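A.B. asks:
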Amino acid sequence: MKRLLRGLLAIPLAGAVVLCAAWLWFSHWLDSPGPLAQESIVLVPRGTRVAGIAERLAEARVVDHAKLAEIAAWLTGTGQSLKAGEYQFTPGATPRQVLEKIAAGRVYPRRLTIPEGQMTVEIRRLVEAGEALTGSWPSTAVAEGSLLPETYQYIYGDGRAELLARMRKAHEDLLAELWPKRAANLPVTTQAQAVILASIVEAETPVPAERPRVAGVYLNRLKRNMKLQADPTVAYGITGGAREMERPLTLNDLARPSAWNTYTIDGLPPTPINHPGRASIAAVLQPESHDFLYFVADGKGGHVFARTYDEHLKNVAAYRATQRR
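In my numbering, the protein residues as written are 83 to 407.
1) Helix, strand or coil for Ser114? Go by DSSP, reduced to three states.
2) Is Asn267 buried or exposed, if buried means 16 or more other CB atoms sit within 10 Å of its CB?
3) For Glu182 and Gly167, I'd like the C-alpha separation in whole angstroms.
4) Given a cut-off of 7 angstroms, decide if Arg250 and Ser228 are closer than it, judged by their beta-carbon atoms.
5) Return the residue from the list Asn356, Leu301 and Lys309 that minimises the CA-CA distance to Glu370.
6) Using C-beta distances below 6 angstroms, list every residue in its chain close to Gln170, excluding the 5 sequence neighbours before and after it, in chain order.
7) Is the region 254–261 touching the region 378–386 in the sense that three or more CB pairs, one from each, lie closer than 8 angstroms?
8) Determine the burial state of Trp342: buried for a count of at least 16 other Cβ atoms within 10 Å of its Cβ, exposed for fewer.
9) Return the Cβ separation of Ile278 and Pro314 in integer angstroms, given the expectation that the two are a contact with Cβ distance under 8 angstroms.
10) At 3 residues or longer, and completely inside the region 318–405: list those beta strand (DSSP E) runs for me, N to C.
11) Grab the span of the alpha helix (DSSP H) containing Tyr300 for me, first residue to last.
12) In this structure, how does DSSP classify Ser281 when only helix, strand and coil are distinguished?
13) Quick check: what's the CA-CA separation for Thr195 versus Gly212?
14) Short of 6 angstroms in beta carbon distance, which residues of its chain neighbour Gly319, apart from the five on each side in sequence? Order them along the chain.
15) With a threshold of 16 other CB atoms inside 10 Å of the CB of Gly199, please say whether the residue is buried or exposed.
16) Once the 5 residues before and after Val289 are set aside, which same chain residues still bring their CB inside 6 angstroms of it?
17) From what residue to what residue does the alpha helix (DSSP H) around Arg132 run?
18) Would you kindly work out how many angstroms separate the C-alpha atoms of Arg192 and Ile237, rounded to a whole number?
19) Nearest-angstrom Cα distance between Leu230 and Leu246?
20) Just the C-alpha distance for Glu284 and Met201, rounded to the nearest angstrom, thanks.
21) Could you name the residues of the same chain whose beta carbon sits closer than 6 angstroms to that of Val145, not counting the 5 residues immediately before and after it, in chain order?
22) Kindly provide the ranges of any alpha helix (DSSP H) runs that are 4 or more residues long and lie completely inside the region 205–252, ordered along the chain.
23) Check whether the Cβ of Trp261 lies closer than 6 angstroms to any heavy atom of the ligand FMN, and answer yes or no.
24) With DSSP as the reference, label Ser122 as helix, strand or coil.
25) Expressed to the nearest angstrom, what Euclidean distance is found between the alpha-carbon atoms of Asp348 and Val299?
Here it is, written out as structure tokens:
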């Protein structure tokens with residue numbers, strides 16, 4: 083009888099030992115590096131149950147066992163909080179770290195870079211090609227010069243229309259910041275005029291340090307009622323902003339009338355010719371103070387500036403000589 087009692091008492095004791103050992107093993111597994119060997123991005127679609135999330139993690143080799151990951155989600159209290167989205171996991175992430183990231187909704191941030199000086203048609207191509215964005219380009223026209231070129235963060239499932247709204251607001255916020263700080267006595271008297279001129283500056287020089295000087299040239303010409311004679315406006319007038327010019331401009335092009343051709347019109351064109359960035363807008367509102375009226379390429383990526391037309395002609399001749407070498 084005593085042996086029977088000892089045997090009966092040993093059964094729950096043995097069970098407790100087994101459970102304790104299992105719990106220790108599970109706890110060790112929960113905080114041990116997982117099998118992931120390189121960074122991986124896993125999508126958790128909206129409405130996916132815990133078991134489905136665990137299966138996706140196992141398929142991506144973020145965890146080594148789907149059922150254990152499912153059990154871990156419930157035992158750690160994260161099972162009720164797992165959120166849809168796109169998640170990036172680093173090599174060796176532990177199951178606990180993986181579940182806590184999804185429960186906290188720390189989704190993978192994607193980025194879309196809009197280069198300065200892009201036309202609307204070019205920005206449309208970039209936005210339409212943006213991975214993981216939803217929805218289509220808006221049917222209403224997107225005005226040239228109304229979006230701020232920058233690098234924008236977004237997450238899986240964000241809408242293209244929402245991203246465009248952010249670009250537009252960033253542009254408006256920038257003008258609200260810079261316009262009150264503008265230099266006195268500028269010949270551009272509205273924000274719209276400033277953006278138009280900034281788009282020309284943007285198209286004329288890729289050299290950031292030159293932008294305030296180039297802006298100063300055009301502002302000097304506006305003050306003297308001189309035609310701006312900016313080649314990029316001629317190209318925009320020919321293409322209508324539908325594409326970039328695929329050939330060099332000719333003398334006939336410069337004489338070809340259009341609403342944007344600043345060789346034939348007085349003052350500024352009616353609209354911007356691209357979407358200028360912060361530096362070009364700032365250059366127009368805080369230009370370099372000088373008396374230059376002309377500039378020409380120097381053959382090295384920058385420009386040479388001149389105060390008189392005769393000086394400018396010499397600079398043009400020097401540039402053409404470098405092109406013939």
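A virtual CB, placed ideally from N, CA and C, is assigned to each residue, including glycine.
All figures in this text were calculated on a predicted structure; none of them were measured in a lab.
C.D. replies: Taking the structure as given:
1) Three-state DSSP puts Ser114 in coil, outside helix and strand.
2) exposed
3) 14 angstroms
4) yes
5) Leu301
6) Ile123 and Tyr190
7) no
8) buried
9) About 12 angstroms; that fails the 8 angstroms criterion.
10) Fully contained in the region 318–405 are the following beta strand (DSSP E) runs of length 3 or more, in chain order: 376–379 and 385–388.
11) Arg293 to Lys305
12) helix
13) About 10 angstroms.
14) Ser340, Trp342 and Asn343
15) buried
16) Gly384.
17) It should be pointed out that residue 132 corresponds to Val in this sequence rather than to Arg. From DSSP, the alpha helix (DSSP H) with Val132 extends over Val132 to Glu141.
18) 6 angstroms
19) 10 angstroms
20) Roughly 11 angstroms between the two C-alpha positions.
21) The beta carbon of Val145 sits closer than 6 angstroms to those of Gly116, Leu139, Ala151 and Pro177, all from its chain and outside the five residues before and after it, given in chain order.
22) Those alpha helix (DSSP H) runs which fall completely within the region 205–252 and span 4+ residues do not exist here.
23) Summarising the ligand content, the structure contains no ligands, and the ligand FMN is consequently not present.
24) strand
25) Between Asp348 and Val299, the C-alpha separation is close to 15 angstroms.
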